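These notes concern the structure reproduced below.
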Amino acid sequence: MHTIARWVTTSAVLIAAVGTAMAQSGSPGSIDAQEQQRQQARERALREQLETMPDVRLHTPADTALPSDFPASETPCTTIREIALDGSAQAFAWALAAADPAGTLADGRCLGSTGIALIMQRVQDAIIARGYVTTRVLANAQDLRAGILTLTILPGRIRHIRFAPDSGARANAFNAMSASPGDILNLRDIEQGLENLKRVPTAEADIQIVPGGEPGESDLLITWKQAFPFRITLSANDGGAESTGRYIGSATLSGDHLFTLNDLFYAHFTHDIGGQRGKDPGERGTRGHTLHYSVPYGYWLFGLTASKNRYHQTVAGASQDYLYSGTSENYEARLAHLVHRNSRSKTSLYLRGYMSKSASFIDDTEIEVQRRRMGGWEFGVQHRSFAGRAVADLNLAWRRGTGAFDATPAVEEAFGEGTHKPRILSADASLDLPFRALGHDFRYLGVWRAQWNRTPLVPQDRFSIGGRYSVRGFDGESVLMAERGWLLRNELGWRIGPLGAELYAGLDHGQVGGPSASLLVGRRLTGAVVGLRGTWNRLAWEIFTGKPLAKPGDFETPRHASGFNLTLSL
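This is how it looks when you write it as structure tokens:
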């Protein structure tokens, strides 16, 4: 009888605890799901901030001294019907297409010194455009009476890769450089090496191409310096939930190049620092930590990430108060490979394996129906393009749960409302477009994010909108959550010169769909935000206020949602 009474009491408290949240998400696990999604959003923002890779773009302008078209007539001249390559012909055969893009040589064309020089320059420019900046195109003395012009390719090769004398004693390039002595020198390999050498914030690097001992040979001279390798970052914001602590404080300890592998390590700790709802007294709070380590190897990048979070809140019962709490753990191993880069874009593929688990409790009793343990893999494509100062990103990912790592079936599987083996397609795109107008500097930032499900999803895997990390203008206490959805964030910023700050205004919209959406009070949210952000010495700060513009009639949210972010780097 005691056991039965205990479970009846537990169930009653659970129903009371989630009743309000059910009105927004339709899920009996929405308290836990919303808290986990809030933690995941914070962790995603953290990783975007701490795991950034610098973009290195080295440009070599083409020679434009020659005319763009063949001369109408030259004297003396020789009829040329075919162009051939000598030397490293197989490696550079693709460059011949640039010699005569219009195909005017097919019927024979009488070319003199200017026309032949133009052909050589076109081939040379095509080779340089692909990054082979020390490879040269030559035309040796030859008999042209057969109508064949033979160009000789002199490949520029790397003789040595070495550090400048004033580089730091801990400098190391063996895993940073994708090229080796003897390889044909390519600017793209140098860009990748520089990105690896500069991927940790305390390191500065430069690579110069200096002449080698023989014609066609060059040395790569690396200058590398590092400041103190450890960094401490303190931050505070009001992005938490009122039920578990509105104000969140965090501390991050970062270690750069610890094992002289251009590697990155950080340990991030969060804890609530107050701001609970005053009318609901009792114990409550949230805390967590994230550990990350990553190391490059040429065009590859390997990383490990682990995080653990816990929250708790006091729930008032009929005769006594109960402590409702939850824990979550996430583990990830990720391998990425940059498969293509040129002067305007780069594309990477990645594969990650993951394991996550979570549990919820009332006092010391676990709510077994909310126990989760999932594992699987995700394959993704990441593409970045450059156009002037504008940067555009497009990412696509396919996630599939496999039942690995002793994954346990979800209780929702019995009702067809979830699975521990989800199949999810997600995508996001962004455009960062700086521009100048009316004598001032502006910036447009657009972000689009979407998710499509191929299986029923448990609440933790669903798409949610409403709050500073999704559709701004809402405080995040209530969200719309369902199996699929999309959102669009638009932001226009104005650089205020004397203050070194940016004034911005944003307009966001999002919507959700799927089977569980029929239980929601609505499916769409639209909000607006205005804010000011900037830096002062080592302090980065932001303040903003937002307002809902369109929402379902029964969707509970304040008329205004304001917030702040502070980050101090030591």
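Reading the sequence shown from the start, the letters are residues 19 to 588 in the numbering used here.
Just so it is clear, CB atoms sit at the ideal spot from N, CA and C, and this is done for glycine as well.
Note that the structure is predicted; figures quoted are calculated from it, not measured.
Hey, residue i and residue j are a contact pair by Cβ (cut 8 Å); roughly how many whole angstroms apart?
{"i": "Ala285", "j": "Trp242", "result": "Contact doesn't hold; Cβ gap of about 25 Å is too wide."}
{"i": "Lys326", "j": "Glu347", "result": "5 Å"}
{"i": "Thr345", "j": "Ala377", "result": "5 Å"}
{"i": "Leu239", "j": "Arg177", "result": "Their Cβ separation, rounded to whole angstroms, is 11 Å, which puts Leu239 and Arg177 out of contact at 8 Å."}
{"i": "Leu543", "j": "Leu586", "result": "Actually they are not in contact, since the Cβ atoms of Leu543 and Leu586 sit about 33 Å apart, beyond 8 Å."}
{"i": "Arg417", "j": "Ile442", "result": "5 Å"}
{"i": "Gly524", "j": "Arg507", "result": "6 Å"}
{"i": "Asp256", "j": "Phe582", "result": "6 Å"}
{"i": "Ala354", "j": "Tyr368", "result": "4 Å"}
For residue i and residue j, what's the separation of their Cα atoms in angstroms?
{"i": "Leu557", "j": "Gly133", "result": "60 Å"}
{"i": "Gln623", "j": "Pro183", "result": "No answer is possible for residue 623: the residues shown for the chain start at 19 and end at 588."}
{"i": "Leu103", "j": "Leu76", "result": "28 Å"}
{"i": "Val548", "j": "Glu509", "result": "9 Å"}
{"i": "Gly434", "j": "Arg65", "result": "34 Å"}
{"i": "Ile227", "j": "Pro173", "result": "15 Å"}
{"i": "Ala194", "j": "Leu309", "result": "23 Å"}
{"i": "Ala259", "j": "Ser496", "result": "10 Å"}
{"i": "Gln67", "j": "Gly234", "result": "42 Å"}
{"i": "Gly143", "j": "Gly130", "result": "Before going further, note that residue 143 is Asp rather than Gly in the sequence given. Asp143 and Gly130: Cα-Cα distance of roughly 20 Å."}
{"i": "Arg486", "j": "Gly564", "result": "9 Å"}
{"i": "Ile145", "j": "Thr152", "result": "9 Å"}
{"i": "Val476", "j": "Ile49", "result": "13 Å"}
{"i": "Val141", "j": "Ser196", "result": "26 Å"}
{"i": "Arg629", "j": "Pro119", "result": "The first residue shown for the chain is 19 and the last is 588, placing residue 629 beyond what the model contains."}
{"i": "Pro46", "j": "His438", "result": "Per-residue confidence for Pro46 stands at a pLDDT of 36, beneath the threshold of 50, marking its modelled position as unreliable; the derived number appears in the next sentence. Using only the alpha carbons, I get a separation of about 17 Å."}
{"i": "Arg541", "j": "Asp381", "result": "34 Å"}
{"i": "Tyr522", "j": "Gly511", "result": "4 Å"}
{"i": "Glu560", "j": "Arg148", "result": "42 Å"}
{"i": "Arg217", "j": "Pro89", "result": "49 Å"}
{"i": "Ser261", "j": "Arg56", "result": "13 Å"}
{"i": "Thr122", "j": "Gln160", "result": "22 Å"}
{"i": "Ala117", "j": "Met138", "result": "7 Å"}
{"i": "Leu356", "j": "Glu396", "result": "17 Å"}
{"i": "Ser580", "j": "Arg302", "result": "22 Å"}
{"i": "Glu520", "j": "Phe453", "result": "14 Å"}
{"i": "Ala410", "j": "Thr426", "result": "39 Å"}
{"i": "Arg305", "j": "Ala415", "result": "29 Å"}
{"i": "Asn471", "j": "Ser374", "result": "19 Å"}
{"i": "Glu14", "j": "Ser268", "result": "Any answer about residue 14 is impossible in this case: the structure gives the chain only from 19 up to 588."}
Is residue i buried or exposed, if buried means 16 or more other CB atoms sit within 10 Å of its CB?
{"i": "His578", "result": "exposed"}
{"i": "Val387", "result": "exposed"}
{"i": "Phe562", "result": "buried"}
{"i": "Gly571", "result": "exposed"}
{"i": "Phe248", "result": "exposed"}
{"i": "Arg264", "result": "buried"}
{"i": "Asp526", "result": "buried"}
{"i": "Gly515", "result": "exposed"}
{"i": "Leu156", "result": "exposed"}
{"i": "Pro566", "result": "buried"}
{"i": "Gly503", "result": "buried"}
{"i": "Phe277", "result": "exposed"}
{"i": "Pro440", "result": "buried"}
{"i": "Pro94", "result": "exposed"}
{"i": "Leu271", "result": "exposed"}
{"i": "Gly436", "result": "buried"}
{"i": "Thr288", "result": "buried"}
{"i": "Ala405", "result": "exposed"}
{"i": "Arg490", "result": "buried"}
{"i": "Pro576", "result": "exposed"}
Residues bridged to residue i by DSSP?
{"i": "Gln529", "result": "Trp504, Arg542"}
{"i": "Val313", "result": "Phe320"}
{"i": "Pro566", "result": "Gly545"}
{"i": "Asp224", "result": "Thr241"}
{"i": "Ala523", "result": "Leu510, Val548"}
{"i": "Cys128", "result": "Thr97"}
{"i": "Val151", "result": "According to DSSP, Val151 bridges with nothing at all."}
{"i": "Ser482", "result": "Met499"}
{"i": "Trp554", "result": "Leu557"}
{"i": "His355", "result": "Trp318, Leu367"}
{"i": "Ser652", "result": "What the structure shows of the chain is the stretch from 19 to 588, and residue 652 is not part of that stretch, so it cannot be assessed."}
{"i": "Met373", "result": "Tyr349, Gly393"}
{"i": "Ala468", "result": "Ala445, Trp504"}
{"i": "Ile166", "result": "Glu100"}
Using 7 Å as the limit for Cβ to Cβ distance, is residue i near chain B?
{"i": "Gly230", "result": "Protein chains in the displayed structure number just one, and chain B is not present."}
CB of residue i to nearest heavy atom of the ligand COA: below 6 Å?
{"i": "Thr70", "result": "This structure lacks the ligand COA; in fact it carries no ligand of any kind."}
| Runs of alpha helix (DSSP H) wholly within the stretch 379 to 457 (minimum 4 residues, chain order) | Under the rule that a run must span 4 or more residues, no alpha helix (DSSP H) segment is found entirely inside the stretch 379 to 457.
| said: Ignoring anything shorter than 3 residues, give me the beta strand (DSSP E) runs that lie fully in the stretch 257 to 300, in order along the chain. | reply: For the stretch 257 to 300, whole beta strand (DSSP E) runs of length 3 or above, ordered along the chain, are 266 to 274, 282 to 290.
| task | Give, in chain order, every unbroken run of the alpha helix (DSSP H) that is at least 4 residues long and sits entirely within the stretch 183 to 228. | result | Secondary structure within the stretch 183 to 228: the alpha helix (DSSP H) runs of 4 or more consecutive residues, fully enclosed, are 205 to 215 (chain order).
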